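Trainee: Going by full-length UniProt numbering, 333 is the number at position 333 of the sequence shown; the sequence numbering is gapless.
One structure follows; several queries about it will come next.
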Amino acid sequence: MPEPALSVVVPTRGGVRRLPVLLDALAAQSLDEPWEVVVVLDGDVDGSRALLESYADRVPLRVVERTGGTGVGAALAAGYEAARGEIVMRCDDDLTPRPGFLAAHLARHRSRPSGSPPLGVVSMTRDVFADTNYAAAYGRPANQRLLAHAYARPADERWQHWAACNSVPRAAYEAVGGFDPTLGYREDSELGLRLAQAGVEIVIDPDLEVEHRSPAPDTATRAARAFTSGASTVAFDERHPGTHTVASDAPRDAWGRAVAAAARRIGSRERAAALGRHVDHVLPRLPEAARGKAIAWAVEAAAVAGRRVGDTAWVRDVPAVPVDTVGVVVPHHGDPAPTLALVEQLLAQAHPVQVVVADDASPEPFPDREGIQVVRRATNGGFGANVNTGAAAVTGEAMLVLNSDLDLEATFVADMVAAARTHPRAVLAPRMVDEHGTEAWVGRDFPRVRHQVAAWLTPLARFRGTTAWHRAVGHDVRSHRAEGEVDWVVGAAMWIPVADFRAVGGFDERFFMNSEEVDLQRRLRERGLSVVALRSPTVVHAGGGSSPSESRRRWLVEGQLLYADKWGSRRALQAALGAATGVNLVVNAARRAAGSDVRPLETARHELRLLSRRDT
């Protein structure tokens, strides 16, 4: 069998939803010479192997399977090593080459005059966006500017666009040493630089643009990538001095000062994403003319911060959670009846689960039962400590933490498993309603003083239930309309990857009840996980079955103060809530004067006692 003229190398991880479009496009290609597709399966985390096997009779396909997790550079190096073609082409799994695309690439190389230096052909990617405010204001215009800039590049700078899709003679690739598998980012343009330095002529052909289906969909994602890009520019220049001109970050005008001020507050990729999420949140309320500027401000600030911090740690294709084994931890304290009812529902699930009931020194101990594991604590340590005890017994790769007062459908676990395949390496929460069908606010913004003040103020209670009030207290109102990423989700029902839970140390056991799930998710987000509020499945949460109502406000305030100690300022929170207590006192006094049965002084003293507690 003759050696192929062209090898198309496709690195993929968690790409079961992206690959079909690419493979269908490759199946539609027609070449006059032999060719092959080498798919590097960088760990089969989502059933991609079975998908690839289904295309074996439609595409000249070979699969190189790795355990994965060491980065796209290492995956590409493995694919190029396995390639047999005279010309090797990289094609990412979220691209859609038009019919004739491969033949056109090969023709560029075949038309090369004899004795000419090797040719490197770059296909720029034209991003395909959903119709969103971000896409209209920034995504499409920025991509158009990038394309125009790339096509105008002088020859000695074109290597900077050696990225998602390009082709080069295999001999030229091997002569420069191939991909550097130790690079976590810019492994592509770093190879392009070495090719250019070795005499490969790099061309960027407008007729060979290729559709890119997975551009950054919002400001949060774009800002996070800008942070890593900025950091990697510095790291790249350290490896290849003088190849990048790193602009001075000293502000020279009002715009520069605004960017620099925002950049000073960004110390990590997660903080860059948080700034982007804030811009996404306010974007619909901005004038259309200002939206692009707002996004550009966040993106530029993230890039400046990245250059300052120099941290390029970023996993592009994060490993999906293996979902063949799932553990469920049910914290128990009090009446065993609700917990027993939930256990029965779990044992009847369509997807098998390991059930662990964590008994937090309950006055009514949970009974031993066949088919489940009961772990018992000697003392009542609160929600976080109890879940940690239960989690230590979980043997699966993923864990569901479920309050004992939930009601589940028989397909709940299977539905969460399916959601985890769509959202790999994420904390997930199902939609939640009470017994009357009223939907809970599962998705939340990270607590800020203004949120807690709004919830504390008695005069605002009359607006409870309005969208404005929900925004004011930190509810993510978008999560009621569509599935999406949020800052954190309520802890009554959560899917958590076990390895990541253990890597961050689980729940902080200083929290007795309330705010522990916010703190945990903040640490998981810093580790690189996302947090998603789902629209399906739905659970029913009776509420109150897990804790005595008379203690809830005390636990709530204690948790808020401890959270402020870790992530903000306790004094600032105490001062703000103390001032809000003063407002409540005045309002309640007026209500009492008008005949309402309220006790202004007693209420104020109680609130101040809550704020002055030091045992948290």
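Beta carbons: idealized from backbone N, C-alpha and C, even for Gly.
None of these values were measured; they are calculated from a predicted model.
1. Taking only runs of the alpha helix (DSSP H) that begin and end inside the stretch 115-185, which ones reach a length of at least 4 residues, in chain order?
2. On the CB-based measure, 16 or more other CB atoms within 10 Å of its CB, does Ser362 come out buried or exposed?
3. Go ahead and pull the three-state DSSP assignment for Asp445.
4. Which class does Val45 belong to by DSSP, given the choice of helix, strand or coil?
5. Ignoring anything shorter than 4 residues or poking outside the stretch 250-337, list the alpha helix (DSSP H) runs there in chain order.
6. Looking only at its chain, what residues have a beta carbon closer than 6 Å to the beta carbon of Arg158, apart from the 5 residues adjacent to it on each side?
7. Given that a residue counts as buried once 16 or more other Cβ atoms are within 10 Å of its Cβ, and exposed if not, what is Val586?
8. Would you mind stating whether Glu270 and Arg525 have Cβ atoms separated by less than 7 Å?
9. Taking DSSP's pairing of strands, which residues face Val586 in a bridge?
10. Report all residues from its chain with a CB closer than 8 Å to the CB of Ala196; omit the five preceding and five following residues, and keep chain order.
11. Please say whether Gly230 and Gly306 have beta carbons closer to each other than 7 Å?
12. With a cut-off of 8 Å on the beta carbons, I'd call Arg58 and Ala27 a contact; round off their distance for me.
13. Once the 5 residues before and after Leu556 are set aside, which same chain residues still bring their CB inside 6 Å of it?
14. Quick one: what does DSSP say Met416 is sitting in, helix, strand or coil?
15. If you count every other CB in all the chains shown that lies within 10 Å of the CB of Gln144, and 16 or more means buried, which is it?
16. Under 7 Å between the Cβ atoms of residue 618 and Glu602?
17. Alpha carbon to alpha carbon, how far is His278 from Lys566? Give it in angstroms, no decimals.
18. Please classify Gly484: does DSSP put it in a helix, a strand, or coil?
19. May I ask you to verify whether the stretch 496-504 touches the stretch 435-451, counting CB pairs closer than 8 Å and requiring at least 3?
20. Exposed or buried, which one is Glu435 when buried takes at least 16 other CB atoms within 10 Å?
21. Quick one: is residue 623 buried, meaning 16 or more other Cβ sit within 10 Å of its Cβ, or exposed?
22. Give the C-beta separation of Val309 and Gly267 to the nearest angstrom, bearing in mind that I take them to be a contact with Cβ-Cβ under 8 Å.
23. Would you kindly work out how many angstroms separate the C-alpha atoms of Thr221 and Gly276, rounded to a whole number?
24. Can you tell me which of His149, Gly595, Tyr185, Asp131 puts its alpha carbon nearest to the alpha carbon of Pro217?
25. Figure out for me which residue from Asn588, Leu577, Arg591, Ala594 has the closest Cα to the Cα of Glu607.
26. Can you tell me whether Gln452 is helix, strand or coil according to DSSP?
27. What does the alpha-carbon distance come out to for the pair Thr339 and Ala492?
28. Less than 7 Å separating the beta-carbons of Ala223 and Ala272?
29. Please return the same chain residues whose Cβ sits closer than 7 Å to the Cβ of Phe383, not counting the five positions on each side in sequence.
30. Relative to the C-alpha of Leu191, which candidate in Ala172, Leu208, His212, Pro206 has its C-alpha closest?
31. Identify, in the order they occur along the chain, each residue of the same chain with its Cβ nearer than 7 Å to the Cβ of Ala5, setting aside the five sequence neighbours on each side.
32. If distances are taken between C-alpha atoms only, which option among Gly327, His423, Val598 comes closest to Val45?
33. On the CB-based measure, 16 or more other CB atoms within 10 Å of its CB, does Val343 come out buried or exposed?
34. Please determine if the stretch 449-459 and the stretch 468-486 are in contact, where contact requires at least 3 C-beta pairs separated by less than 8 Å.
35. Quick test of the definition: if touching needs 3 or more C-beta pairs under 8 Å, does the stretch 147-155 touch the stretch 180-194?
36. As a quick exercise: from Leu23, Ala533, Ser479, pick the residue whose alpha carbon is nearest that of Ser54.
Mentor: Reading off the structure:
1. 140-151, 170-175
2. buried
3. coil
4. coil
5. 254-264, 269-282, 288-309
6. Ile202, Ile204
7. exposed
8. yes
9. Its beta-bridge partners do not exist; DSSP assigns none.
10. Gly120, Asp156, Arg158, Trp159, Ile202
11. yes
12. 4 Å
13. Asn514
14. helix
15. exposed
16. Any property of residue 618 remains undetermined from this structure, which presents the chain solely from 1 to 616.
17. 21 Å
18. strand
19. no
20. exposed
21. Outside the shown range of the chain (1 to 616) lies residue 623, about which nothing can therefore be said.
22. 6 Å
23. 7 Å
24. Asp131
25. Leu577
26. helix
27. 13 Å
28. yes
29. Pro331, Met513, Glu516
30. Ala172
31. Glu33, Pro34, Trp35, Gly85, Glu86, Ile87, Leu106
32. His423
33. buried
34. yes
35. no
36. Leu23
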